[in-house]
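One structure is given below, encoded as structure tokens.
Residue numbers (full-length UniProt numbering): 1 to 335.
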């Protein structure tokens with residue numbers, strides 16, 4: 001995120017590079033940077049003749065070079081944006097010759113999503129050597145996303161409670177584009193300065209604040225049998241929105257973290273948060289759960305979760321509804 005701010009800040013100051021090669025697993029920042037260049041490098045009066053958008057599936061490297069070598073018309077520079085450039089992965093190295101001597105009046109932007117170029121090869125070296133930028137947009141780990149949500153909202157004069165942020169992560173995963181879309185919906189209906197709560201998430205996005213995987217994990221950790229089975233019943237009645245594979249994966253990570261916690265000599269909350277890569281707000285939940293589940297029990301539960309994962313995918317339990325599988329699992333865990 002800081003790298004993105006620096007890159008955009010340089011463009012704002014007029015430090016514009018001849019090539020921006022935007023690559024990596026996280027498409028969100030690739031789109032953000034490309035869109036910023038598309039919207040801000042040229043004035044509206046210049047864009048008609050000097051800005052073009054190409055698509056990798058429709059062109060060749062020669063087409064890119066031909067367009068990049070054109071001179072701008074009645075403007076200081078032109079902008080050539082290649083979207084879905086990963087469709088040219090087999091021939092992308094052919095761009096190295098142009099990158100070694102790029103047209104100074106052209107800003108060439110390549111959106112190379114879900115892939116990376118080999119940093120040992122000529123294209124990468126040529127871009128770096130001749131004033132271009134290679135930006136790698138890395139996929140965030142799940143434990144980093146809640147903090148990303150908080151930082152994005154803080155920059156827009158909003159706050160969010162830890163539970164509300166975790167609800168979004170549990171429901172939407174690590175897809176920053178999807179999360180950003182949902183945050184934009186919230187910002188439309190909530191005034192600046194609002195602290196976004198689980199109630200806001202439930203009312204405007206449709207994620208239940210009481211019946212979700214986050215609450216299931218909490219109930220299991222507390223050995224709250226009634227609450228855990230209420231959530232399992234809700235999941236069984238709404239299977240499309242609550243697939244068992246997601247619940248099992250979350251519980252597997254939770255108990256794997258508990259196993260790690262049992263093996264730690266330093267159980268200071270700060271050390272636990274760092275070792276388990278969890279939000280410090282939730283650390284006490286893990287420490288309390290470790291008291292409820294001794295190491296031997298945790299190892300047994302991890303085995304149960306592996307078995308249930310296999311069964312949920314149709315191996316040896318094809319006739320058992322997934323809701324019943326979750327209920328049976330909870331009986332064994334909480335028993």
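Even for Gly, the Cβ is constructed at its ideal location relative to N, Cα and C.
Start-to-end residues for the beta strand (DSSP E) that takes in residue i
i, result
"residue 335", "Looking at the DSSP string, residue 335 is not in any beta strand (DSSP E), and its letter there is neither H nor E."
"residue 109", "106 to 113"
Residues bridged to residue i (per DSSP)
i, result
"residue 135", "22"
"residue 52", "80"
For residue i, three-class secondary structure by DSSP
i, result
"residue 30", "helix"
"residue 287", "helix"
"residue 160", "strand"
"residue 195", "strand"
"residue 103", "coil"
"residue 66", "helix"
"residue 90", "coil"
"residue 265", "coil"
"residue 308", "helix"
"residue 74", "coil"
"residue 295", "helix"
"residue 141", "coil"
"residue 42", "coil"
"residue 1", "coil"
"residue 270", "helix"
"residue 208", "coil"
"residue 243", "coil"
Top-ranked residue by Cα proximity to residue i, from the options
i, options, result
"residue 180", "3, 151, 249", "151"
"residue 331", "227, 278, 5", "227"
"residue 244", "22, 36, 324", "324"
"residue 270", "221, 283, 264", "283"
"residue 259", "335, 276, 88", "276"
"residue 113", "102, 129, 92, 121", "92"
"residue 21", "37, 133, 94", "133"
"residue 130", "156, 97, 115, 149", "97"
"residue 208", "9, 242, 66, 160", "242"
Endpoints, the alpha helix (DSSP H) within which residue i is located
i, result
"residue 221", "213 to 221"
"residue 13", "Careful: residue 13 lies outside any alpha helix (DSSP H) and carries neither H nor E."
"residue 236", "225 to 237"
"residue 348", "This structure cannot settle anything about residue 348, because the visible part of the chain is limited to 1 through 335."
"residue 123", "122 to 129"
query = Quick check: the stretch 137 to 148 against the stretch 44 to 64, are there 3 or more CB pairs under 8 angstroms?
reply = Judged by Cβ distances under 8 angstroms, the stretch 137 to 148 makes no contact with the stretch 44 to 64, as fewer than three pairs qualify.
inquiry  = Taking contact to mean 3 or more Cβ pairs, one atom from each stretch, closer than 8 angstroms, check whether the stretch 73 to 81 and the stretch 96 to 115 are in contact.
reply    = Three or more beta-carbon pairs drawn from the stretch 73 to 81 and the stretch 96 to 115 are found closer than 8 angstroms, and the two stretches are therefore classed as touching.
Does the structure place the stretch 295 to 307 close enough to the stretch 182 to 195 that three or more beta carbon pairs sit under 8 angstroms? Cβ pair count under 8 angstroms is below three, so no.
Do three or more CB pairs link the stretch 245 to 258 to the stretch 303 to 322 at distances below 8 angstroms?
Because the criterion of three Cβ pairs below 8 angstroms is met, the stretch 245 to 258 and the stretch 303 to 322 touch.
With a cut-off of 8 angstroms, do at least 3 Cβ pairs link the stretch 10 to 29 to the stretch 54 to 66?
-> The stretch 10 to 29 and the stretch 54 to 66 do not touch, with fewer than 3 CB-CB distances between them shorter than 8 angstroms.
* To do: Count the CB pairs spanning the stretch 162 to 173 and the stretch 197 to 205 that are closer than 8 angstroms, and state whether there are at least three.
  => In this structure the stretch 162 to 173 lies against the stretch 197 to 205, because at least three pairs of beta carbons, one per stretch, are closer than 8 angstroms.
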